[in-house]
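The working numbering numbers the first residue of the sequence shown as 52 and each following residue consecutively.
First comes the structure, then the notes that go with it.
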Amino acid sequence: MEASLFTAVLLPLALGVVMLGMGLSLVPEDFRRITRDPKAVAVGTVSQVLLLPLLGVLITLVVPMQPAIAVGLIVLAVCPGGPSSNLITYLAKGDVALSVTLTAVSSIITVFTIPIFTNLALQRFLGQSAAIALPIGQTMVQIFLITLLPIAIGMAIRHQFPRTASRLEKQMSRLAAGLLALIIVLLLVREGSKLPGFIAQVGIGVVLLNLFATLGGFFAGKLFRLPLAQQICIAIEVGIQNGTLAIAITAGLLNNPDMAVPAAVYSLLMYLTGFGAIFYGRRLKEQV
């Protein structure tokens, strides 16, 4: 399951367009507030960098699966949150500024942790090791172009033309919901014929990882008594992983398409969970 033109180009491009709309809703004060209250950043980062890989290991020990599939699940669990988590946080009325910060922080940290955890998984399940060197520059440029640059442009537009940005932001919210639905449809069309076989191999493990990670992030935020918007953000940020990066590592760097199966299935199922998070998050915000 190698990354196609859709996952490598079209999907990041669509998400980048949506990030521009998100930037229209942000002001510098959103980020300054986070630096004054670093607890949320610490809770989210620890949950993603430590809690998520631990969940992945536990699932591989409990759910029967082939060794290559188990390695692929671990790789998925140690990947950072992707731009999709920022989009879903935005639609779920979570703390978008915190989401962007957590994505950036985890992306930097996991550049160093992914090779370590992946080699441990290879030794544990396949009895071999591999020296992986992630393309650090390429990964950072991709994250910047898809996430940070469009948001910065949106924030600049809001700073210079606040009334125009306010009108555009409302329209972009509707466009974001439509694009998210389109992404799901296109993924189903692209992988629909192979989906039953993939789900049979790894479906239970992927669903458990997605659900437990989301719940773990939410309750971590609740445990440390973070505001509701930050609880929603951390739940989504921990629950939604960068499946495209996981495919690139397994099918590309490790040259093992079987290991890419968990990420391929996850890339479909995470959007369904994302819709659930959006619905639940909006309901919680309405009740407050």
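The beta carbon of each residue, even a glycine, is placed where N, CA and C say it ideally should be.
Bear in mind the structure is a predicted one, so any value in this text is a computation, not a measurement.
Worksheet entry | Beta-carbon contacts of residue 283 that lie in its chain and below 6 Å, excluding the five residues immediately before and after | 143, 145, 332
Worksheet item: If you run the structure through DSSP and keep just helix, strand and coil, what is residue 261?
Response: helix
Worksheet item: residue 118 by DSSP, collapsed to three states: which one?
Response: helix
Worksheet item: When the Cβ atoms of the region 125-134 are set against those of the region 85-92, are three or more pairs found closer than 8 Å?
Response: no
Worksheet item: By how many angstroms is the C-alpha of residue 118 removed from the C-alpha of residue 204?
Response: 44 Å
Fill in: Nearest-angstrom beta carbon gap, residue 253 and residue 316 [assumed within contact, 8 Å]
6 Å
Worksheet item: Could you give the C-beta distance for residue 139 and residue 287, rounded to a whole number, given that I count them as a contact under 8 Å?
Response: 5 Å
Worksheet item: Exposed or buried, what is residue 274 when buried is set at 16 or more other beta-carbons lying within 10 Å of its beta-carbon?
Response: exposed
Worksheet item: Roughly how many whole angstroms lie between the Cα atoms of residue 318 and residue 289?
Response: 15 Å
Worksheet item: Looking at residue 310 and residue 261, is the spacing between their C-beta atoms short of 8 Å?
Response: no
Practice prompt. Evaluate residue 39 with the Cβ neighbour count: other Cβ atoms within 10 Å of its Cβ, from every protein chain shown; 16 or more gives buried, anything less gives exposed.
Written response: Here the chain comprises residues numbered 52 to 339, so residue 39 is not present and cannot be evaluated.
Fill in: Alpha-carbon spacing of residue 209 relative to residue 178, whole angstroms
54 Å
Worksheet item: Leaving out five residues before and five after residue 206 in sequence, what residues of the same chain have Cβ atoms less than 6 Å from its Cβ?
Response: 74, 77
Practice prompt. Could you check if residue 328 is buried or exposed, using at least 16 other CB atoms within 10 Å of its CB as the buried criterion?
Written response: buried
Practice prompt. Report yes if the CB atom of residue 265 is closer than 8 Å to the CB atom of residue 126, and no otherwise.
Written response: no
Worksheet item: For residue 107, which residues of its own chain have a beta-carbon under 8 Å away from its beta-carbon, when the five flanking residues on both sides are left out?
Response: 124, 125, 127, 128, 129, 260
Worksheet item: Are the CB atoms of residue 110 and residue 256 nearer to each other than 8 Å?
Response: yes
Item to complete: State buried or exposed for residue 215, treating a residue as buried only when at least 16 other CB atoms are found within 10 Å of its CB.
Response: exposed
Worksheet item: Would residue 288 count as contacting chain B if we go by Cβ distances under 8 Å?
Response: Of the chains in the structure shown, none is chain B; there is only one protein chain.
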